[in-house]
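With the working numbering applied, the sequence shown covers 1 to 108.
For each residue, glycine too, the CB sits at the ideal point set by N, CA and C.
To start, the structure under review is shown below, and the notes come after it.
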Amino acid sequence: MNRISSPGRPFMEAVPWQSLPEETTRPHIEQLDREVLILRDGHVLAGGADALAVYLRRSPRRRYRIAGAVITFPGVIRCAHAVYRWVARNRHRMPGGTYACRLPPPQP
1 MNRISSPGRP FMEAVPWQSL PEETTRPHIE QLDREVLILR DGHVLAGGAD
51 ALAVYLRRSP RRRYRIAGAV ITFPGVIRCA HAVYRWVARN RHRMPGGTYA
101 CRLPPPQP
């Protein structure tokens, strides 16, 4: 469990989904394999690029809140979703990524 907190960043707790209770993850397992989720009381508040926007909008720093708001603009959010999907598909190739980071193959 990592506590993400530093000046200018909102407090959020990063928890690998595999360490969460099964009753919390079971309804969201496919989505958890594809993207980061912001969960509260077992409910998805946001996922993927939308989660990034939520995270930034909760920052104590104005510039991050503005960036989070800009991400939600119609043209920007479509681009953010595309970039997020590309990064998620290639996360095992990113610095620090491992084979375990690979996404499962798409189901037919």
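Measure from the alpha carbon of residue i to the alpha carbon of each residue in the options, then state which is nearest.
i, options, result
"Ala46", "Arg63, Gly75, Pro60, Gly68", "Gly68"
"Ala53", "Phe73, Pro16, Arg34", "Phe73"
"Arg85", "Ile38, Leu56, Asp33, His43", "Asp33"
"Arg78", "His92, Tyr55, Ser59, Asp50", "Asp50"
How is the beta strand (DSSP E) around residue i delimited, first residue to last?
i, result
"Leu37", "37–40"
"Val44", "43–47"
"Met12", "12–14"
What residue range does the alpha helix (DSSP H) around residue i cover?
i, result
"Thr72", "First-last for Thr72: undefined, no H or E at that position."
"Arg26", "Premise fails: Arg26 is in no alpha helix (DSSP H) and is neither H nor E."
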